[in-house]
């Protein structure tokens, strides 16, 4: 009964470091998305994918890369971390645009 | 630009009161609208999903309505309880631009015992 699994749950980085946030879902969902949530704000879409091999940019894509080589996994890469990327990151999946989105528990990322 | 706005930003009510949370969106070309609950420090829990062809959805004490032409949705909570205290988020999936989902900033609800 895993659903959407995000790892790690917490991470502290130094400015300029790179890292990959992992997201995996076991529901065979085609649609997957990455969001960030900052205090007092709703979630903002970073990147999304409508199937393996297909990705597109959301509202705030700068500084992030994604790839979708399998249906199950949708990793988010920070190329050179900046303090402005300190946030809580959520991954979501759905079985098509008309279906409800299911969210992971989030990754809390702090960049010093 | 596609935007989603939630009013009020915060709301405090006594236990037992019925209440309405509002969500408005700027583009009527939507695919669906989803209401979520978020507890502090936690992820999002889906409450209700309304397709663009529907007018309302109900689950227990919750009722969500959708008026696409006016760009509005409401979440009605009946007989509120302290356990309903959380942030409620509205998310709109638009038809254009690749089915992107835009979130409102949320309404923080506090139900007093």
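Chains as they are written, first to last, in our numbering: chain A, 2 to 113; chain B, 49 to 161. Built from N, CA and C at the ideal position, the CB exists for glycine as well. Please read all numbers here as calculations on a predicted model, not as lab measurements.
Between residue 65 of chain B and residue 87 of chain B, what straight-line distance do the alpha-carbon atoms span, to the nearest angstrom? To locate residue 65 of chain B, count along the second chain from 1; it is residue 17. To locate residue 87 of chain B, count along the second chain from 1; it is residue 39. C-alpha separation (whole angstroms): 20 Å.
Within 8 Å of chain B by C-beta, residues of the region 48-68 of chain A in sequence order: Answer set for the region 48-68 of chain A: 49, 51, 57, 59 and 60.
Using the rule of at least 16 other Cβ atoms within 10 Å of the residue's Cβ for burial, across every protein chain shown, is residue 121 of chain B buried or exposed? Reading the second chain from its first residue, position 73 is the one you call residue 121 of chain B. Residue 121 of chain B comes out buried.
Reduced DSSP category for residue 7 of chain A - H, G, I as helix; E, B as strand; rest coil: Taking the first chain and counting its residues from 1, the one referred to as residue 7 of chain A is at position 6. Three-state result, residue 7 of chain A: strand.
Going straight from the alpha carbon of residue 71 of chain A to that of residue 147 of chain B, what length do you get? In the first chain, residue 71 of chain A corresponds to position 70, counting from 1. In the second chain, residue 147 of chain B corresponds to position 99, counting from 1. Taking the straight line joining both Cα atoms gives about 20 Å.
C-alpha distance - residue 113 of chain A paired with residue 87 of chain A, whole-angstrom precision: Residue numbering aside, residue 113 of chain A sits at position 112 when the first chain is read from its first letter. Residue numbering aside, residue 87 of chain A sits at position 86 when the first chain is read from its first letter. Each residue's Cα considered, the two are about 8 Å apart.
Is the beta carbon of residue 56 of chain B sitting closer than 8 Å to the one on residue 160 of chain B? For the purposes of this step, residue 56 of chain B is identified with residue 8 of the second chain, where counting begins at 1. For the purposes of this step, residue 160 of chain B is identified with residue 112 of the second chain, where counting begins at 1. Residue 160 of chain B sits away from residue 56 of chain B, with the two beta carbons spaced by 8 Å or more.
Exposed unless 16 or more other CB atoms sit within 10 angstroms - verdict on residue 104 of chain A: Here residue 104 of chain A refers to the residue found at position 103 when the first chain is read from its first residue. If you draw a 10 Å sphere on the C-beta of residue 104 of chain A, you find 16 or more other C-beta atoms in it, and that means buried.
Proximity test, Cβ basis, 8 Å: residue 154 of chain B and chain A: In the second chain, residue 154 of chain B corresponds to position 106, counting from 1. Interface annotation, residue 154 of chain B: in contact with chain A, CB-CB separation under 8 Å.
Quick check on this structure: which residue in B/71, B/108 and B/78 has the alpha carbon closest to the alpha carbon of residue 101 of chain B? For the purposes of this step, residue 101 of chain B is identified with residue 53 of the second chain, where counting begins at 1. With distances taken between Cα atoms, residue 101 of chain B lies closest to B/78.
Once the 5 residues before and after residue 14 of chain A are set aside, which same chain residues still bring their CB inside 8 Å of it? By one-based count along the first chain, residue 14 of chain A stands at place 13. Hits under 8 Å: 20, 79, 82, 110, 111, 112 and 113.
Considering only the beta carbon of each residue, do residue 28 of chain A and residue 85 of chain A sit closer than 8 Å? Start at 1 with the first residue of the first chain, and residue 28 of chain A comes out as number 27. Start at 1 with the first residue of the first chain, and residue 85 of chain A comes out as number 84. Contact: no.
Who are the near neighbours of residue 17 of chain A in its chain, counting only those whose CB is closer than 7 Å to its CB and skipping five residues on each side? Taking the first residue of the first chain as 1, we reach residue 17 of chain A at position 16. Short of 7 Å from the beta carbon of residue 17 of chain A, and not among the five residues preceding or following it, lie these beta carbons of its own chain, in chain order: 81 and 82.
If you draw a straight line from the C-alpha of residue 110 of chain B to the C-alpha of residue 66 of chain A, how long is it? The residue given as residue 110 of chain B occupies position 62 in the second chain. The residue given as residue 66 of chain A occupies position 65 in the first chain. Answer to the nearest angstrom: the Cα atoms are 38 Å apart.
In its own chain, which residues sit with a C-beta less than 6 Å from the C-beta of residue 113 of chain B, not counting the 5 before and 5 after it? Along the second chain, read from residue 1 onward, the residue named residue 113 of chain B stands at position 65. Apart from sequence neighbours up to five positions away, the residues of its chain that approach residue 113 of chain B with a beta-carbon distance below 6 Å are 104 and 122, ordered along the chain.
With 8 Å as the threshold, decide whether the Cβ of residue 74 of chain B is near any Cβ in chain A. Numbered from 1 along the second chain, position 26 holds the residue referred to as residue 74 of chain B. For residue 74 of chain B, the closest Cβ of chain A is not nearer than 8 Å.
Establish whether the CB of residue 149 of chain B and some CB of chain A are separated by less than 8 Å. The sequence position of residue 149 of chain B within the second chain is 101, counting from 1. Under the 8 Å criterion on CB atoms, residue 149 of chain B is classed as interfacial with respect to chain A.
Going along the chain, which residues of its own chain have a beta-carbon closer than 6 Å to the beta-carbon of residue 139 of chain B, five neighbours each way excluded? Translated into the one-based positions of the second chain, residue 139 of chain B becomes position 91. Within the same chain, residue 139 of chain B has close Cβ partners 82, 149 and 151.
Whose C-beta lies closer than 6 Å to the C-beta of residue 63 of chain A among residues of the same chain, with five residues either side of it excluded? The count along the first chain starts at 1 and reaches residue 63 of chain A at position 62. Cβ contact annotation for residue 63 of chain A (same chain, cutoff 6 Å, sequence separation greater than five): none.
Give the DSSP-derived three-state secondary structure of residue 68 of chain A in the structure shown. Start at 1 with the first residue of the first chain, and residue 68 of chain A comes out as number 67. Collapsing the DSSP output to three states places residue 68 of chain A in coil.
Residues that DSSP places opposite residue 158 of chain B in a beta bridge: Taking the first residue of the second chain as position 1, residue 158 of chain B is located at position 110. B/60, per the DSSP bridge assignment.
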